[in-house]
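K.L.:
Mapping of the sequence shown onto the working numbering: position 111 corresponds to residue 95, and the numbering continues sequentially without gaps. Before I ask anything, let me first share the structure, which is written out below as structure tokens.
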Amino acid sequence: MYLVDTNIWLERILDQKRSQEVGDFLARIESEKLFITDFSFHSIAISLLKHGLEQALLNFVKELFVDANANLVHLEPEDTALVLQIRKEFGLDFDDAYQYAAAEKYQLELVSFDADFNKTARGKKLPSEIA
């Protein structure tokens, strides 16, 4: 089961240079095994709306949650201490520490293009590394 980081989703939604790699990954993995944090979901919404891509946001929600069975996860306020501990231990910014803490809490593999996760104990996988 995989926690898919914000940058993976945006790569595909915005059809950036690694979009095909993400598309291949999403085609290989059953949607029930895909997880996204509330933080990522809201970050994606902010990013898309900032660029006037309201329809892209609606399509993303429909494809991920309505048509497929991806999972939305969140951290509780009491998980803040864990996020801050991870932030300090690995030198991550808050959003990366949040993703990492969620992956740890829900026992998920983190899928990301963000090299900052390479310095963590759990690490991360690229979409192309997942069979």
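Ideal placement from N, C-alpha and C gives every residue a C-beta, glycine not left out.
#1: Output the boundary residues of the beta strand (DSSP E) element that contains I20.
#2: By how many angstroms is the C-alpha of F97 removed from the C-alpha of A105?
#3: Between the Cα of R71 and the Cα atoms of D8, H35, F19 and F101, which residue gives the shortest distance?
#4: Is there a C-beta anywhere in chain B that falls below 8 Å from the one on L92?
#5: For a minimum of 3 consecutive residues, which ranges assigned as the beta strand (DSSP E) are wholly contained in the stretch 12 to 76?
#6: Suppose contacts are defined by Cβ-Cβ distances below 8 Å. Is V45 in contact with Y90 by that definition?
#7: Give the single residue among A81, L94 and V6 whose Cα lies nearest to the Cα of D(-11).
#8: Tell whether a beta-carbon distance below 8 Å holds between L(-6) and N55.
#9: Nearest to V67 by alpha carbon, out of Y84, A52, N53 and R12?
#10: Starting from L(-6) and walking both ways along the alpha helix (DSSP H), at which residues does that stretch end?
#11: Could you tell me the alpha carbon to alpha carbon distance between L42 and E62, rounded to whole angstroms?
#12: For T21, tell me which candidate among L(-13), I114, F74 and K103 has the shortest Cα-Cα distance.
P.N.:
The answer reads as follows:
#1: Mapped onto the sequence shown, residue 20 falls at position 36. Run containing I20: L18 to T21, per the beta strand (DSSP E) assignment.
#2: The residue you call residue 105 lines up with position 121 of the sequence shown. The residue you call residue 97 lines up with position 113 of the sequence shown. Looking at the two C-alpha atoms, the distance is approximately 16 Å.
#3: Residue 71 sits at position 87 when you count from the first residue of the sequence shown. Selected option, being the one with the closest Cα: F101.
#4: The structure shown contains no chain B; it is built from a single protein chain.
#5: Qualifying beta strand (DSSP E) stretches, in chain order: 18 to 21 and 55 to 57.
#6: Start at 1 with the first residue of the sequence shown, and residue 45 comes out as number 61. Start at 1 with the first residue of the sequence shown, and residue 90 comes out as number 106. No; because the gap between Cβ atoms is not below 8 Å, this pair is not in contact.
#7: Position 5 of the sequence shown, counting from 1, holds the residue named residue -11. Ranking the options by Cα distance to D(-11), first place goes to L94.
#8: Taking the sequence shown and counting its residues from 1, the one referred to as residue -6 is at position 10. Taking the sequence shown and counting its residues from 1, the one referred to as residue 55 is at position 71. Not in contact: L(-6) and N55 (Cβ atoms no closer than 8 Å).
#9: Your numbering for residue 67 matches position 83 in the sequence shown. Minimum Cα-Cα distance from V67 among the listed residues Y84, A52, N53 and R12 corresponds to Y84.
#10: Counting from one through the sequence shown, the residue named residue -6 turns up at place 10. Membership of L(-6) in the alpha helix (DSSP H) is indicated by the continuous run T(-10) to I(-3).
#11: Taking the first residue of the sequence shown as 1, we reach residue 42 at position 58. Taking the first residue of the sequence shown as 1, we reach residue 62 at position 78. A direct Cα-Cα distance of roughly 31 Å separates L42 from E62.
#12: Here residue 21 corresponds to residue number 37 of the sequence shown, with the count starting at 1. Relative to T21, the option among L(-13), I114, F74 and K103 whose CA is nearest is L(-13).
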